[in-house]
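In this text, residue positions in the sequence shown follow this note's numbering: the first is 8, and each later residue adds one.
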Amino acid sequence: MKRHLAEEIRIARLALAKLDTGLARAHDAAPLFAWRVKERGFAGLVRLVLEQQVSIASALAIWQRLEAGLGQVTAEVALRHDVEQLKRYGLSGPKARYVLAIAEAEREGRLNFDLLKDLNDRDATAHLVAVKGVGRWTAEVYLMGCEGRTDVFPAGDLALQEGVRLADGATVRMTEKALYARAEAWRPYRGVAALLLWSYYAQSRKPTGSSRKAVGAVTAAKRSPRVDLA
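Listed below in structure tokens is the structure:
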């Protein structure tokens, strides 16, 4: 698990601002933030799976019910339950099956969280997405938020796409493929760029004056930052 000092984030932001006019606009508008890593391993990955396509509030409620129900969110404990039992904690059928698939993969050694530290970003992503229920977005956000990797950029995240659109003053969002290509120029700070754009997007949604309307087309509660900003 990596920890990043505020000075490192500041230097990365300045470098990114020089590389891209959109990021320069985001840097000027977004407040300072720290990079806080979340729990890693089985629990961290499962929590990200629960956060897929639901509001932050809903995901938190389901996580709390799962945590209370299992007592300890580990592969061993999860495998003592079946799909129907997990659904009682608020999980959908598919997500319950994904949780069990992740637990089974860890038990069988096909998923090794300790191995990730020895893999580069590409191979670590491939190791995670080989497990049923873990897509590229989940893998990349896990590597950022739970492993603290600074050069991972989940371009499939709709809030990131919207953040870029706003920063560019564009009328339409970039495609996932186009955003991945653009982010290549942001190495080795693509993870910091993601946090910067998430922060800028969140800032842009804050009501101004008497307005209560949010800015942008994406619901803030979905596809929002999974790396805590301070």
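The beta carbon of each residue, even a glycine, is placed where N, CA and C say it ideally should be.
Shortest alpha-carbon distance to residue i belongs to which of the options?
{"i": "F40", "options": "K25, A13, L57", "result": "A13"}
{"i": "S211", "options": "G155, A33, E115", "result": "A33"}
{"i": "A162", "options": "L30, A190, D27, A174", "result": "A190"}
{"i": "A37", "options": "G170, N127, D121", "result": "G170"}
{"i": "G140", "options": "Y196, A192, S65, S99", "result": "S99"}
{"i": "D35", "options": "A24, A200, S62, E111", "result": "A24"}
{"i": "N127", "options": "E147, A200, A188, A68", "result": "E147"}
{"i": "V3", "options": "R180, F49, W42", "result": "Coverage of the chain is limited to positions 8 through 237, which leaves residue 3 absent and any answer about it impossible."}
{"i": "S206", "options": "L118, N119, V56, W42", "result": "W42"}
{"i": "R20", "options": "A201, S65, H134", "result": "A201"}
{"i": "Y196", "options": "A82, A103, G97, F160", "result": "F160"}
{"i": "G78", "options": "A64, L93, A66, S65", "result": "L93"}
{"i": "T157", "options": "E91, R194, E74", "result": "R194"}
{"i": "R17", "options": "L203, L107, A64", "result": "L203"}
Can you give me the start and stop residues for the alpha helix (DSSP H) that residue i sits inside?
{"i": "Q71", "result": "63 to 77"}
{"i": "L102", "result": "The displayed chain sequence assigns Lys, not Leu, to residue 102. Looking at the DSSP string, the run of the alpha helix (DSSP H) that includes K102 is 100 to 115."}
{"i": "R194", "result": "No alpha helix (DSSP H) holds R194; DSSP gives it neither H nor E."}
{"i": "Q168", "result": "165 to 175"}
{"i": "T145", "result": "143 to 152"}
{"i": "T81", "result": "From DSSP, T81 is part of no alpha helix (DSSP H); its letter is neither H nor E."}
{"i": "F120", "result": "First-last for F120: undefined, no H or E at that position."}
{"i": "F49", "result": "48 to 58"}
Residue i by DSSP, collapsed to three states: which one?
{"i": "H88", "result": "coil"}
{"i": "L26", "result": "helix"}
{"i": "Y207", "result": "helix"}
{"i": "I18", "result": "helix"}
{"i": "T226", "result": "Reliability of the predicted coordinates at T226 is poor, the pLDDT of 37 falling under 50, and the value obtained from them is presented with this limitation in mind. Residue state, collapsed to three classes: coil."}
{"i": "L186", "result": "helix"}
{"i": "G216", "result": "With a pLDDT of 49 at G216, under the threshold of 50, the modelled position of this residue cannot be trusted, and the question is left open."}
{"i": "T132", "result": "helix"}
{"i": "A162", "result": "coil"}
{"i": "L126", "result": "coil"}
{"i": "R94", "result": "First, the amino acid is wrong: residue 94 is Lys here, not Arg. K94: helix per DSSP, three-state reduction."}
{"i": "R32", "result": "helix"}
{"i": "A137", "result": "coil"}
{"i": "A37", "result": "coil"}
Write down the C-beta distance between residue i and residue j rounded to the nearest angstrom, noting that I regard them as a contact closer than 8 Å.
{"i": "F120", "j": "R47", "result": "7 Å"}
{"i": "V44", "j": "G152", "result": "7 Å"}
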